[in-house]
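Enquirer:
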Amino acid sequence: MGKSGDWGLWMLALFSCLLWACREPDTHIGRSLDLPYGRFRDGDLAFRRGGGLTSRAVLAADAGGVYSHVGLLKREGDEWFVIHAVPGEPVDATDVDRVKCEPVDRFFAADRAVCGAVMRVKADSLLCAGAACHAGRLALERVLFDHDYDLTDTTRLYCTELVDFVYRTQGIDLPEGRISRIQLPGFHGDFLLPSDLFESGKLDLLFEF
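Okay, structure coming up:
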């Protein structure tokens, strides 16, 4: 299974930017979200669609997809956070692309999310919490982002790969065998795309905007 990694994604991004060039300006800037914090549970999945180059590349590859990124919710004290593997969002000039933990309102901020959803995994809450805790440990270990998008190597992880990996440690198969085979110039192979998780029969919609 050959992949050319980020180069192929950037080619897709360039193509998708040409398609999106005539869009009206986004009207979500400055919006205020009323997130249902009281309904959240450790291990819930947070999906979002961004407006940046990487998000457009993912959606160009994922023709039937609504969202371009996903992470897991985890509560720390009285605050909710999203643990996710993301490129191009450094905390500071010294930061690297990695698994990170950030407040849920920042994850869904207007400059990062055109739309989004929170999905509940239909499994025992202890298993879901176990997946979230595992993801939290990976964030503390600063596991690097997988720029090769290689599902056979979990020493580095991309967003959907992270979610799938930590839930499999709890015996839960979220993709249910779904995998996206992409055959485009400069970008080909088997990938786990956000829609491969979002379409899971093991998920229920909790919130969307």
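Be aware that the sequence shown starts at 992, since it is given in this note's numbering, and climbs by one per residue.
We put the CB at the ideal spot given by N, CA and C, even for glycine.
#1: I need the boundaries of the beta strand (DSSP E) containing Asp1195, first residue and last residue.
#2: For the beta strand (DSSP E) that contains Phe1038, what are its first and last residues?
#3: Note down the Cα distance separating Phe1200 from Ile1074, rounded to an integer number of angstroms.
#4: Classify Tyr1028: buried if its beta carbon has 16 or more other beta carbons within 10 angstroms, exposed otherwise.
#5: Please classify Ala1084 as buried or exposed, where buried requires at least 16 other C-beta atoms within 10 Å of its C-beta.
#6: CB Asp1033 to CB Ala1120, shorter than 7 Å?
#7: If you drop the 5 nearest sequence neighbours on each side, which residues of the same chain put their C-beta closer than 8 Å to that of Gly1056?
#8: Could you check what DSSP says for Asp980 in three-state terms: helix, strand or coil?
#9: Spell out a yes or no on whether the region 1124-1138 and the region 1087-1105 are touching, meaning 3 or more CB-CB pairs, one atom from each, closer than 8 Å.
#10: Under DSSP, the beta strand (DSSP E) around Ala1076 begins and ends at which residues?
#11: If you draw a straight line from the C-alpha of Asp1155 to the C-alpha of Glu1080, how long is it?
Expert: Quick answer:
#1: 1194-1199
#2: 1036-1040
#3: 20 Å
#4: exposed
#5: exposed
#6: yes
#7: Val1049, Leu1050, Leu1184, Pro1185, Ser1186, Phe1189
#8: The chain is shown only over 992 to 1200; residue 980 falls outside these bounds and no answer can be derived.
#9: yes
#10: 1070-1077
#11: 22 Å
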